[in-house]
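Note sheet for the following structure.
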Amino acid sequence: MGLKSVRTGAARQSHGPRASGAPGTQPLGVPRPAQFLGGSPRARPVRAAPIALIVAVILLVPAAHAQIISPGEGGQSPPRPAPSPSLVPGPVERGTPTLPLPSPQGGTATADAGPSLWASHARMAVSRSELAVVAVGTTVYAIAGLDASGRAMATLEAYDTVSGEWETRAQLPEGVHHPAAATDGELVYVMGGFSGFGVPSSSLFIYDPDSDSWSRGPGMPTGRGGLAAAFDGSRVYALGGAAYGRALDTAEAYDPVSREWERLPPMPTARDHLAAASLDGRVHAIGGRNLLLSANTGAHEAYDAATGEWAELEALPTPRGGLAAVSIGGSVFVLGGEHTYGTFDENEHYVPGAGWLEAEPMPTARHGLGAAAVGERIYTIAGGVEPGGGVSGLAESYRDPVHVPEFGAAVVAMAAATAAAAGLGALTRREYA
Numbered sequence: 000m001g002l003k004s005v006r007t008g009a010a011r012q013s014h015g016p017r018a019s020g021a022p023g024t025q026p027l028g029v030p031r032p033a034q035f036l037g038g039s040p041r042a043r044p045v046r047a048a049p050i051a052l053i054v055a056v057i058l059l060v061p062a063a064h065a066q067i068i069s070p071g072e073g074g075q076s077p078p079r080p081a082p083s084p085s086l087v088p089g090p091v092e093r094g095t096p097t098l099p100l101p102s103p104q105g106g107t108a109t110a111d112a113g114p115s116l117w118a119s120h121a122r123m124a125v126s127r128s129e130l131a132v133v134a135v136g137t138t139v140y141a142i143a144g145l146d147a148s149g150r151a152m153a154t155l156e157a158y159d160t161v162s163g164e165w166e167t168r169a170q171l172p173e174g175v176h177h178p179a180a181a182t183d184g185e186l187v188y189v190m191g192g193f194s195g196f197g198v199p200s201s202s203l204f205i206y207d208p209d210s211d212s213w214s215r216g217p218g219m220p221t222g223r224g225g226l227a228a229a230f231d232g233s234r235v236y237a238l239g240g241a242a243y244g245r246a247l248d249t250a251e252a253y254d255p256v257s258r259e260w261e262r263l264p265p266m267p268t269a270r271d272h273l274a275a276a277s278l279d280g281r282v283h284a285i286g287g288r289n290l291l292l293s294a295n296t297g298a299h300e301a302y303d304a305a306t307g308e309w310a311e312l313e314a315l316p317t318p319r320g321g322l323a324a325v326s327i328g329g330s331v332f333v334l335g336g337e338h339t340y341g342t343f344d345e346n347e348h349y350v351p352g353a354g355w356l357e358a359e360p361m362p363t364a365r366h367g368l369g370a371a372a373v374g375e376r377i378y379t380i381a382g383g384v385e386p387g388g389g390v391s392g393l394a395e396s397y398r399d400p401v402h403v404p405e406f407g408a409a410v411v412a413m414a415a416a417t418a419a420a421a422g423l424g425a426l427t428r429r430e431y432a
């Protein structure tokens with residue numbers, strides 16, 4: 000199994016966004032999203048390549064179900080009339096029945112009949128969306144969010160990836176949804192969110208897994224929800240978000256040692272419902288939207304603390320908001336998201352020097368999920384299957400086949416460079432009619 004490249008010029012089958020439209024309760028005053036009307040995606044024509052070179056690229060990269068895809072142009076997703084995004088969830092998740100398999104990390108796993116890098120684990124006790132997720136050691140923490148009634152939650156659940164069991168831990172000091180969280184490997188920092196419908200919070204809550212206790216830290220200078228967070232080894236970053244009907248370009252950093260916040264240069268692109276991860280000495284802000292489900296962006300910008308500057312990088316090939324990101328094995332994986340007409344099952348990852356690659360899609364398309372890495376697995380937790388709403392108790396994990404910290408990313412970069420030298424650098428990018 001190796002690196003896949005599509006060079007036939009034919010249209011590739013799209014994985015998302017997935018249409019949602021099963022009957023369920025819709026929030027009062029919020030129009031039900033229409034069925035996905037995008038039609039068949041189109042792939043840009045590409046040149047054929049010598050078979051020998053393709054074979055060489057395949058042999059070079061120890062990756063399964065991966066596909067090089069061209070960087071996006073960073074523009075907005077196609078304009079469509081759209082309802083304002085709802086902060087109140089709709090129906091609970093639905094999914095296609097799968098086959099039971101033993102889980103590699105404990106618990107019960109399921110997968111489709113064919114080979115898959117994905118596994119499904121025990122569900123959470125309380126379904127939710129718009130939560131924050133981090134991992135400390137071998138435990139994944141699902142923090143706050145919206146429940147099926149549209150209420151802000153203070154619930155903390157912990158998933159032990161060894162035993163495969165969920166456990167309820169100490170509640171947050173107050174309920175919040177659309178928060179962000181990051182960890183320094185010992186403590187968990189939960190910031191922002193909405194404490195009520197549309198009311199932004201500036202709170203910083205600090206969780207100690209060893210004592211199962213919460214404490215309050217100094218609040219963010221800018222209250223907001225729908226923001227993203229990441230830890231770069233010394234500081235916790237709070238990026239973007241929304242407050243009082245406006246998407247923000249705000250960037251702030253918290254120093255756990257001095258317990259002080261610092262205002263940073265703003266992001267080049269204002270957005271909310273974005274994702275963030277730390278990689279290669281920089282903090283990456285990826286995707287998001289400008290308030291509306293129809294205003295998704297593929298913007299990919301990285302902040303370098305050494306220079307104090309932002310850099311614009313290769314755009315996310317599939318623009319989307321309500322997504323999750325996690326850094327693992329020398330790359331950043333970006334999963335899920337939503338559009339006016341459906342939710343995304345996309346699983347794309349960025350490797351410095353190689354650009355964006357496509358990996359096996361998520362078994363269940365959803366937005367408002369969280370993601371965290373434990374070992375060579377990425378855990379995707381909760382989220383809604385309906386655009387603009389929905390909740391779930393899903394816990395699925397993806398095994399990163401390129402997780403070889405010593406040389407994995409370098410090999411991928413070399414393979415991509417080889418392909419680019421032969422005219423293979425720009426492969427397919429999805430477009431929706």
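Going by numbering that gives the first Met the number 0, the sequence shown opens with residue 0, and the numbers climb by one from there.
Glycine included, each C-beta is placed from N, C-alpha and C at the ideal position.
Residue nearest to LEU171 within the set ASP183, LEU322, THR154 is THR154 (criterion: CA-CA distance). Counting only residues of its own chain and dropping the five nearest sequence neighbours on each side, ARG150 has a CB closer than 8 angstroms to the CB of GLY174. ALA275 and GLY195 have their C-alpha atoms roughly 24 angstroms apart.
A straight-line Cα-Cα distance of about 6 angstroms links SER293 and THR339. Under DSSP, GLU164 shares a beta bridge with ASP159. By the C-beta density criterion, PRO199 is buried, having at least 16 other C-beta atoms within 10 angstroms.
According to the DSSP assignment, THR182 belongs to the beta strand (DSSP E) that extends over 179–182. Between ALA237 and ALA246, the gap from beta carbon to beta carbon reaches 9 angstroms or more.
Per DSSP, reduced to three states, the secondary structure at SER148 is coil, with no helix or strand assignment.
Rounded to the nearest angstrom, the gap between the Cα atoms of VAL125 and GLU311 is 39 angstroms.
For the 9 angstroms CB-CB criterion, PRO265 and LEU186 do not form a contact.
Shown here, THR296 sits in a strand according to DSSP, grouped into three states. If you draw a 10 Å sphere on the C-beta of PRO114, you find fewer than 16 other C-beta atoms in it, and that means exposed. A direct Cα-Cα distance of roughly 21 angstroms separates ARG223 from PRO386. For SER126, there is no enclosing beta strand (DSSP E), as DSSP gives it neither H nor E. Ranked by Cα distance from GLY191, the first of GLY321, SER202, PRO351 is SER202. Per DSSP, the continuous beta strand (DSSP E) segment holding THR379 begins and ends at 376–380. Cα atoms of VAL133 and ALA179: separation of roughly 10 angstroms, rounded to the nearest angstrom. Here ARG127 is buried: its Cβ has 16 or more other Cβ atoms, across all protein chains shown, within 10 Å.
For GLY329, the number of other beta carbons within 10 angstroms of its own is at least 16, and it is reported as buried. Distance between PRO316 and ILE285, taken at the CA atoms: about 11 angstroms. ASN289: not part of any beta strand (DSSP E); DSSP gives it neither H nor E.
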